[in-house]
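Here's the structure we're looking at; comments come further down.
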Amino acid sequence: AQSVAQPEDQVNVAEGNPLTVKCTYSVSGNPYLFWYVQYPNRGLQFLLKYITGDNLVKGSYGFEAEFNKSQTSFHLKKPSALVSDSALYFCAVRDSLIYGNNRLAFGKGNQVVVIP
Amino acid sequence: ETGVTQTPRHLVMGMTNKKSLKCEQHLGHNAMYWYKQSAKKPLELMFVYNFKEQTENNSVPSRFSPECPNSSHLFLHLHTLQPEDSALYLCASSQDKGGGTDTQYFGPGTRLTVL
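Structure representation (structure tokens):
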């Protein structure tokens, strides 16, 4: 089975402060991990993914995420938040052990509110 | 978002109507997906097509009927829906090479309201 948990419903941060959105995962094999962002009335936009290699992954719009195998986490980070970063953020995982696995398991999402 | 387009963007239908959602991907991908997004819930995978063949049906009620005539187009035919089917329906596509590392790219969604 594969699943992710995004423990916080909403993350509030002041503009210019660091932003962190938390994600933990559960898989049987190695995880393939993804972050997406959704703006109001829009589809999901891909931010970044971890497949293998360097634990720190850099993505779009200044976002990065750190893979931590011992803590089974893949937290999304941005050093300095912008008001335009206010959106819904989704973490997703795919289990490498499941052959031909098309299925992505999504978390319920975190609403990020950046306060001017 | 121009890589995956969906029409219509908004749809209101009665419980006895028949309607269809359309998705088109311009990315040259070989796999397409339908998801249902309801408020405060994780995205629910409904159907997966690889090379036009349905490879997954995630216990979706028969009032939802997918169709994939080619690798660029995907339809979701709707009939006798229930109010609880009101949601945002998202289409996605990816280049599936079998290893599970492919990225899914999403369309803007169709906001469906069932009266």
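Respectively, the protein sequence lines represent chains A and B. Residue numbering for the first sequence follows our numbering, starting at 5 and increasing by one per position. Residue numbering for the second sequence follows our numbering, starting at 156 and increasing by one per position. Just so it is clear, CB atoms sit at the ideal spot from N, CA and C, and this is done for glycine as well. Remember, predicted model here, so these are calculated numbers, not experimental data.
Closer than 9 Å to chain A by CB, residue i
i, result
"Gln209/B", "no"
"Lys195/B", "yes"
"Phe261/B", "yes"
"Leu229/B", "no"
"Thr258/B", "yes"
"Val159/B", "yes"
"Val167/B", "no"
"Leu271/B", "No answer is possible for residue 271/B: the residues shown for chain B start at 156 and end at 270."
"Asn205/B", "yes"
"Leu140/B", "There is simply no residue 140/B to check, as chain B begins at 156 and stops at 270 in what is shown."
"Ala186/B", "yes"
N- and C-terminal bounds of the beta strand (DSSP E) containing residue i
i, result
"Val87/A", "First-last for Val87/A: undefined, no H or E at that position."
"Leu245/B", "242-249"
"Arg266/B", "265-269"
"His165/B", "165-168"
"Glu12/A", "Here Glu12/A belongs to no beta strand (DSSP E), and DSSP marks it neither H nor E."
"Tyr54/A", "48-54"
"Glu199/B", "199-205"
"Lys62/A", "60-62"
"Phe38/A", "35-42"
"Phe71/A", "68-72"
"Thr160/B", "159-162"
C-beta contact flag for residue i and residue j at 9 Å
i, j, result
"Ser100/A", "Gly33/A", "yes"
"Leu161/B", "Gly253/B", "Rather than Leu, the amino acid found at residue 161/B in this sequence is Gln. For Gln161/B and Gly253/B, no; Cβs fall outside 9 Å."
"Asn16/A", "Val203/B", "no"
"Phe67/A", "Phe78/A", "no"
"Glu199/B", "Tyr190/B", "yes"
"Val116/A", "Tyr93/A", "yes"
"Gln192/B", "Ala247/B", "no"
"Leu236/B", "Arg218/B", "yes"
"Asn226/B", "His184/B", "Looking at the sequence itself, residue 226/B is Ser, so the reference to Asn does not match. Yes, Cβ-Cβ distance for Ser226/B and His184/B is below 9 Å."
"Glu12/A", "Leu86/A", "no"
Chain B contact for residue i (CB, 9 Å cutoff)
i, result
"Leu108/A", "yes"
"Asn126/A", "Since the first residue of chain A shown is 5 and the last is 120, residue 126/A is not available in this structure."
"Gln49/A", "yes"
"Lys26/A", "no"
"Tyr36/A", "yes"
Nearest to residue i (by Cα), restricted to the options the options
i, options, result
"Asp58/A", "Lys26/A, Asn114/A, Ala69/A", "Ala69/A"
"Leu176/B", "Gly183/B, Tyr188/B, His184/B", "Tyr188/B"
"Phe110/A", "Asp251/B, Thr171/B, Lys195/B, His181/B", "Lys195/B"
"Ala9/A", "Val61/A, Cys95/A, Ile119/A, Thr56/A", "Cys95/A"
"Lys81/A", "Pro120/A, Ile119/A, Leu60/A", "Leu60/A"
"Leu267/B", "Met168/B, Thr157/B, Cys246/B", "Met168/B"
"Thr157/B", "Ser84/A, Gln49/A, Glu19/A", "Gln49/A"
"Thr56/A", "Leu270/B, Ser226/B, Thr256/B, Gly262/B", "Thr256/B"
"Lys207/B", "Leu229/B, Lys173/B, Val215/B, Met201/B", "Leu229/B"
"Leu37/A", "Ser7/A, Arg98/A, Glu12/A", "Arg98/A"
"Lys53/A", "Gln42/A, Arg46/A, Pro35/A", "Pro35/A"
"Lys234/B", "Asn212/B, Leu270/B, Thr258/B, Asn205/B", "According to the sequence as given, residue 234/B is His; it is not Lys. That would be Leu270/B, whose Cα lies nearest to the Cα of His234/B."
With a floor of 3 residues, list each beta strand (DSSP E) that falls wholly inside the region 211-242 of chain B, ordered by position along the chain. Runs of the beta strand (DSSP E) inside the region 211-242 of chain B: 219-225, 228-234.
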